Structure formats: C-alpha cells, structure tokens
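Numbering (our numbering), first residue to last: 12 to 253.
Presented below is the structure to which this report refers.
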C-alpha cells in the first residue's frame, strides 16, 4: 500500500473514505445500504494477538482487532464517536436479492473470517468503526464470504491506521487479487486526496481475462502470485497501472 498521510479513502463503483486518524470513507460503484440506522454494533477491544511478515518490520507487528475464532460482526452502521472508521458509499443500482450490496472488512492475514460486514442499499452509505490498529481491506461479497474459506478475488480497498507507528493512515485501491468493479478511496483531512479509478474495466475485457468468484459472479482475474493471469494484466494496463 502507498502512504496517504492521515487521510480518508473512497471507492467509486464503491467508495471508501477515511478520516484523519479517525473516520474513513470508501465509495463503491456497486454497493448497498439499508434504510434506517439501528443501534451500532461495537468492536471488541484489540487483543495481544500479533503478526509480522516481510511487509511488516519486527518493530511494527500487527495487533489484530479480533480473532478468526470469533464470529464476524454484522452491523447496519456504527455510531461515529471520533475513532477510526470508514464511510462506505454504494453506487451500484442493483439489489442483488439482499436490498443492496454486501461489504466485508478483512484484517490482513485473516483471510478466512471477516472482521465486520454489512449490506448497503444502492446510492447509500454507512459508517463502520474499526479498532485503532486495523490493517486490512474492504471488499464486495455475499453470504458465501461467511463459509470459513478464503475469498480473495475482487477489488480491494486497503487501509492501515498508524502505519509504522506514525499518526498517518495508509490506503490504496488494489487489483492484484482481481477486479470486480471500480472503487475509489479518499481522505477527509481537508486535503481530499483520492486514489482509485472509476472506469468499467470489465466491459469489453477478453474472455481469457475473466475468473469466477465463489459467489458465482464473474470478475477480472488476479495478476499476482501462482496462476497470475497475464491476459488480465495486459488488458488493465491499457487503462490504468494495476
């Protein structure tokens, strides 16, 4: 991920927006929100679970918000109390049989069980609070994401609060693990820095660039790791730097 110095993020097809060290907005072009905003669901306090790998220095271990042995938190929207969080906008006009689009927050290295999830109706938004040490991604999905398996295919809105123990928030839109639609991420610190794209890269894509998600829907294939799809990379590189 690239540093964004304490800003907010947005997805376009869906959008995510991050507020400075507190709230963060994200916008997606195909998402949903429910009408009303019931009582917020609180996140548990961060535990002592730590993780480090090549992307994290030994002096900056990850402290997880939640264990994968715990059930994911369903929320219809959390109360913004000034702490870290994301504002997710859904610009997908479709209802997908659930009155909107389902969004899932995953912590880095916790790929089997999401941290939080929600449904957002078309042309709506929802605020989702996260713990102060959250590092991870927001993705689209459906109830299949709750089956205890990895679901990596799709556009990722990545974020990292207090990266490298600084007061900065990092964020990016990544297509390395697939592309199921446009997204943008934007800061809300007054600088309004934006990353992401709004182009429909699925339209007109060659047949050998596609892959099917466990949900049954189709997206552009991943371009990193084992079985990386070069046809997808070549197609996307014509329009953006994936």
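Glycine included, C-beta positions come from ideal geometry on N, C-alpha and C.
Bear in mind that the values here come from a model prediction, so they are computed numbers and not experimental data.
- A direct Cα-to-Cα measurement between residue 187 and residue 238 gives close to 12 Å.
- Contact annotation, residue 224 with residue 159: C-beta distance approximately 16 Å; criterion of less than 8 Å not satisfied.
- The beta carbon of residue 226 lies closer than 6 Å to those of 153 and 155 in the same chain, with the five residues before and after it left out.
- The three-state secondary structure of residue 244, taken from DSSP, is helix.
- Boundaries of the beta strand (DSSP E) harbouring residue 117: 112-118, taken from the DSSP string.
- Taken atom to atom, the span from the alpha-carbon of residue 124 to that of residue 75 is near 13 Å.
- From the listed residues 230, 216, 229 and 228, the smallest Cα separation to residue 248 is found for 216.
- According to the DSSP secondary-structure assignment, residue 238 is paired through a beta bridge with no residue.
- Residues of the same chain with a CB within less than 8 Å of the CB of residue 246, apart from the 5 flanking positions on each side, are 212, 216, 217, 220 and 231 in chain order.
- Annotation: residue 80 to residue 222 spans about 30 Å, alpha carbon to alpha carbon.
- Contact between residue 132 and residue 111 holds: their C-beta atoms lie close to 4 Å from each other, under 8 Å.
- Contact between residue 206 and residue 234 does not hold, since the beta-carbon distance rounds to 18 Å and is not under 8 Å.
- Annotation: residue 126 is outside any beta strand (DSSP E) and is labelled neither H nor E by DSSP.
- Taking 8 Å as the cut-off, the Cβ atoms of residue 147 and residue 126 count as close.
- Per DSSP, the beta-bridge partners of residue 147 are 118 and 170.
- In this structure, residue 99 sits near residue 114, with a CB-CB distance shorter than 8 Å.
- In the DSSP assignment, residue 80 forms no beta bridge with any residue.
- The DSSP-derived three-state label of residue 135 is strand.
- Taking a contact as a CB-CB distance under 8 Å, the pair residue 161 and residue 122 counts as one, their CB atoms being some 5 Å apart.
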